[in-house]
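Colleague:
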Amino acid sequence: MYAVEVIDVARRFGPVQALAGIDLAVGEGEFFGLLGPNGAGKTTLISILAGLTRADRGSARILGHDVIADFRAARRNLGVVPQELVFDPFFSVREALRIQGGYFGVYNNDAWIDELLANLGLADKANANMRQLSGGMKRRVLVAQALVHRPPVIVLDEPTAGVDVELRQTLWQFIARLNKEGHTVLLTTHYLEEAEALCNRIAMLKQGRVVALDRTSALLAGTASTMLRFKLDRPLPTQLLAQSRVTGRIVQITAHDAREVESILATLHAAACEPEDLEIGRADLEDVFLEIMQAEMPQRIPAAQVAH
Amino acid sequence: MSSLGAPPRGARPLVAPAPAETPASVLSGVRTLLYKEVLRFWKVSFQTVAAPVLTAVLYLLIFGHVLEGRVTVFGSVGYTSFLIPGLVMMSVLQNAFANSSSSLIQSKITGNLVFLLVTPLSHWAWFLAYVGASLVRGVVVGAGVMLVTVWFAPLHLAAPGWILLFTVAGAVLMGALGLIAGLWAEKFDQIAAFQNFLIMPMTFLSGVFYSIQSLPPFWQAVSHLNPFFYMIDGFRHGFFGVSDVSPWTSLAVVGCSLVVVCSLCLMLLRRGYKIRH
Chain A
0 MYAVEVIDVA RRFGPVQALA GIDLAVGEGE FFGLLGPNGA GKTTLISILA GLTRADRGSA
60 RILGHDVIAD FRAARRNLGV VPQELVFDPF FSVREALRIQ GGYFGVYNND AWIDELLANL
120 GLADKANANM RQLSGGMKRR VLVAQALVHR PPVIVLDEPT AGVDVELRQT LWQFIARLNK
180 EGHTVLLTTH YLEEAEALCN RIAMLKQGRV VALDRTSALL AGTASTMLRF KLDRPLPTQL
240 LAQSRVTGRI VQITAHDARE VESILATLHA AACEPEDLEI GRADLEDVFL EIMQAEMPQR
300 IPAAQVAH
Chain B
0 MSSLGAPPRG ARPLVAPAPA ETPASVLSGV RTLLYKEVLR FWKVSFQTVA APVLTAVLYL
60 LIFGHVLEGR VTVFGSVGYT SFLIPGLVMM SVLQNAFANS SSSLIQSKIT GNLVFLLVTP
120 LSHWAWFLAY VGASLVRGVV VGAGVMLVTV WFAPLHLAAP GWILLFTVAG AVLMGALGLI
180 AGLWAEKFDQ IAAFQNFLIM PMTFLSGVFY SIQSLPPFWQ AVSHLNPFFY MIDGFRHGFF
240 GVSDVSPWTS LAVVGCSLVV VCSLCLMLLR RGYKIRH
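For the record, the sequence lines run as chains A and B. What the first sequence shows, in numbering that gives the first Met the number 0, is residues 0 to 307, in sequence order. What the second sequence shows, in numbering that gives the first Met the number 0, is residues 0 to 276, in sequence order.
1) Which whole-angstrom value is the C-beta distance of alanine 95/A and glutamine 144/A, which I expect to be below 8 angstroms?
2) Below 8 angstroms between beta carbons is the criterion; list the residues of the segment 98 to 128 of chain B that meet it against any residue of chain A, in chain order.
3) Compare the C-alpha of threonine 148/B against each of Gly160/B, Ala15/B and Gly63/B and name the closest.
4) Quick one: residues in its chain with C-beta nearer than 7 angstroms to the C-beta of glutamine 212/B, no 5 flanking neighbours on either side, listed in chain order?
5) Below 8 angstroms on the Cβ atoms is my guess for methionine 145/B versus valine 87/B; work out the distance and round it to an integer in Å.
6) Give the DSSP bridge partners of threonine 52/A, in chain order.
7) Which same chain residues end up closer than 7 angstroms to valine 260/A when comparing Cβ atoms and leaving out the 5 residues on each side of it in sequence?
8) When you compare only the Cα positions, how much space is there between arginine 275/B and arginine 53/A?
9) Under the assumption that serine 102/B contacts glycine 101/A (Cβ atoms under 8 angstroms), give the Cβ distance between them as a whole number of angstroms.
10) Where does isoleucine 249/A land, buried or exposed, given buried means 16+ other C-beta within 10 angstroms?
11) Cα-Cα, which of Lys273/B, Val56/B and Asn225/B is closest to serine 205/B?
12) Expressed to the nearest angstrom, what Euclidean distance is found between the alpha-carbon atoms of tyrosine 272/B and aspartate 256/A?
13) Between which residues of its own chain and valine 79/A is the CB-CB distance below 6 angstroms, once the five residues before and five after are set aside?
14) I'd like to know whether the C-beta of histidine 182/A is nearer than 8 angstroms to at least one C-beta of chain B.
15) Taking 8 angstroms as the cut-off, decide whether the C-beta atoms of leucine 44/A and isoleucine 61/A are in contact.
16) Just to confirm my understanding: we take cysteine 261/B, look at its own chain, exclude 5 residues before and 5 after, and list those with CB closer than 6 angstroms. What are they?
17) Report yes if the CB atom of leucine 182/B is closer than 8 angstroms to the CB atom of serine 80/B, and no otherwise.
18) With methionine 226/A as the anchor, note down where its alpha helix (DSSP H) starts and where it stops.
19) Skipping 5 residues on each side, what residues in its chain have a beta carbon closer than 8 angstroms to that of threonine 166/B?
20) Under 8 angstroms: do the segment 114 to 124 of chain A and the segment 25 to 42 of chain B share three or more Cβ pairs, one atom per stretch?
21) Once the 5 residues before and after arginine 244/A are set aside, which same chain residues still bring their CB inside 6 angstroms of it?
22) State the Cα-Cα distance for the pair valine 259/B and aspartate 163/A, rounded to the nearest angstrom.
23) Taking 8 angstroms as the limit between beta carbons, can you name the residues of its chain near aspartate 7/A, skipping five residues before and five after?
24) Return the bridge partner residues of glycine 280/A from the DSSP annotation.
25) Less than 8 angstroms between CB atoms is the rule here; does phenylalanine 20/B satisfy it with respect to chain A?
26) Counting along the chain, where does the beta strand (DSSP E) carrying serine 243/A start and finish?
27) Please classify alanine 196/A: is it buried, with 16 or more other beta-carbons within 10 angstroms of its beta-carbon, or exposed?
28) Can you list the residues of chain A that proline 31/B reaches, using a CB-CB cut of under 7 angstroms?
29) Restricting to Cα atoms, I'd like to know which of Ile112/A, Gly181/A and Ala194/A is closest to isoleucine 31/A.
30) From alanine 50/B to valine 171/B, what distance separates their C-alpha atoms?
31) Nearest to threonine 202/B by alpha carbon, out of His223/B, Ser24/B and Gly74/B?
32) Histidine 182/A: which of Leu231/A, Pro14/A and Phe173/A sits nearest, CA to CA?
33) Kindly say whether serine 222/B, judged by its beta-carbon, lies nearer than 8 angstroms to any beta-carbon of chain A.
34) Does any residue of chain B have a CB that is nearer than 8 angstroms to the CB of glycine 207/A?
35) Locate the alpha helix (DSSP H) running through aspartate 113/A, then write down its first and last residues.
36) Kindly list, in the order they appear in chain A, the residues whose Cβ is closer than 7 angstroms to that of serine 27/B.
Right under this line is the structure:
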């Protein structure tokens, strides 16, 4: 049985094919990353798992429970941290958490609520009204609300978007602990270093399709593994532009082997460019991500290969 | 194993799946949502309870002052005595509608409805809790209006059973109608339009302020098409033992309306109309 199983799920919103047939299987206890540019379909997929959106075709299961036919059992096993920063202005933090637990039939669980509050740095805000909290604090409450019924499967939709370093640290420590204790975690994020550090497997989505799905280590190994980084004050020679990523003065160029590194340096030299702070390193997940996203759209990855 | 990587299994201990649903957990879900909905209006009771009571008292003072002594109804009933039950029932109905409709539209617009959408609560649970809270708000406001206005004129309780029956049926009907409006509306002004162009005229033209016997035959016939008339008339029968139409007729009309509105409401909730996309 898989923690999350998605079979041929498609969904169209008017002219936009948000999901064009997705197959995924997340094993129990995995820390799984779902990456992709904006509009790739990540949130639509999560919404389908949570029952917020319905698929046009295909099916999805949480721990073997179909999200439509057996929605009660599916949702009891699932905790979702939504992307939008939403809150109910009528209640205090503790009230909101008690109420959320009560919906799932969980009550008299103040000990767990206290533990959640302590681990998320909210202990002194328990009786504060939701309106009085800062954005980061509200984000923490969203996480606590998703966990209040102790779901075995936790889905976080960009939980660290726009939050400070401290919260990111607190949050990841806590989520990593829950994963270690046996919770399955499915995460979408724009911070690829987070995904690289936390996720043991990663799926990349593009235009509603899975375009890469592998162990994080295999993804990093199986692509252009060398990266030239340097600073440059002059425009880059045009022949290098296609394979480079330029952020202000910082240029990063992928190279597949030592010969290609030499050829890049020769091209720079011929164009009278003098790179500063030159370093040669391993490609990181961001490089892999860009390479995959810039590649031509591959065929849909067949279900049989994904699930078994 | 495929080149795409298969999920690793059994490497670490796993958290047990959530325990299966029990009648107690389902009941807890409904009770929690009901509690949350009641707490929501109670926390702003100045606006949700005190204000409608004040409005009803103002109606009583103004209309009672102008018309007391000039109008008698059902033979010997004074105008103020006649008006009080009408105002009570009007408050019950309007507030029952306002509670479910405004709660739902607020949650939809602010986005916090997601907290409810991800729960295992069924459409029945939503219905029972939202309509239950509407009933509580309707009864609280109605009792408030009654408590304040009862000092202005003598009132009898000829048949309290009818009073109770029409209070519950009317509030449930309006709570369910409020849910439908809340599901349908996408903006606050659509709820306001529903309230101002449908609920208000129909309650005002239902015989709260006059007996429809005093109307010309044409408008009497029109009033008979208004389901609100039967709610008010049946409710009033409980006080005076007399009414414009038989309470059994009123019960039949209100009962049929109740079935239609509740069925529609449950159907929309089941489909996730405008809330699950």
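From the three backbone atoms N, C-alpha and C, an ideal C-beta is built for every residue, glycine too.
Modeller: In terms of the structure at hand:
1) 6 angstroms
2) Ser106, Thr109, Gly110, Asn111, Val113, Phe114, Leu115, Leu116, Val117, Thr118, Pro119, Leu120 and Ser121
3) Gly63/B
4) Asp243
5) 5 angstroms
6) Partner(s): none; threonine 52/A has no beta bridge.
7) Thr225, Leu227, Ala254 and Ile279
8) 7 angstroms
9) Wrong, their Cβ atoms sit about 17 angstroms apart, outside the cutoff.
10) exposed
11) Asn225/B
12) 57 angstroms
13) Ala49, Ala145 and Val154
14) yes
15) no
16) Ala175
17) no
18) Not the alpha helix (DSSP H): methionine 226/A falls in the beta strand (DSSP E), residues 225 to 230.
19) Met88, Val91, Gly137, Val138, Gly141 and Phe234
20) no
21) Gln251
22) 52 angstroms
23) Gly20, Ile21, Asp22, Arg56, Gly57, Ser58 and Ala302
24) Met226/A
25) Going by the sequence as given, residue 20/B is glutamate instead of phenylalanine. Yes, its Cβ sits closer than 8 angstroms to a Cβ of chain A.
26) 243 to 246
27) exposed
28) Contrary to the premise, residue 31/B reads as threonine rather than proline in this sequence. Neighbours of threonine 31/B on chain A, chain order: Ile98, Gly101 and Tyr102.
29) Correcting the residue type first, residue 31/A is phenylalanine in the shown sequence and not isoleucine. Of the listed residues, the one whose Cα sits closest to phenylalanine 31/A is Ala194/A.
30) 21 angstroms
31) His223/B
32) Phe173/A
33) no
34) no
35) 109 to 118
36) Gly101, Gly104 and Tyr106
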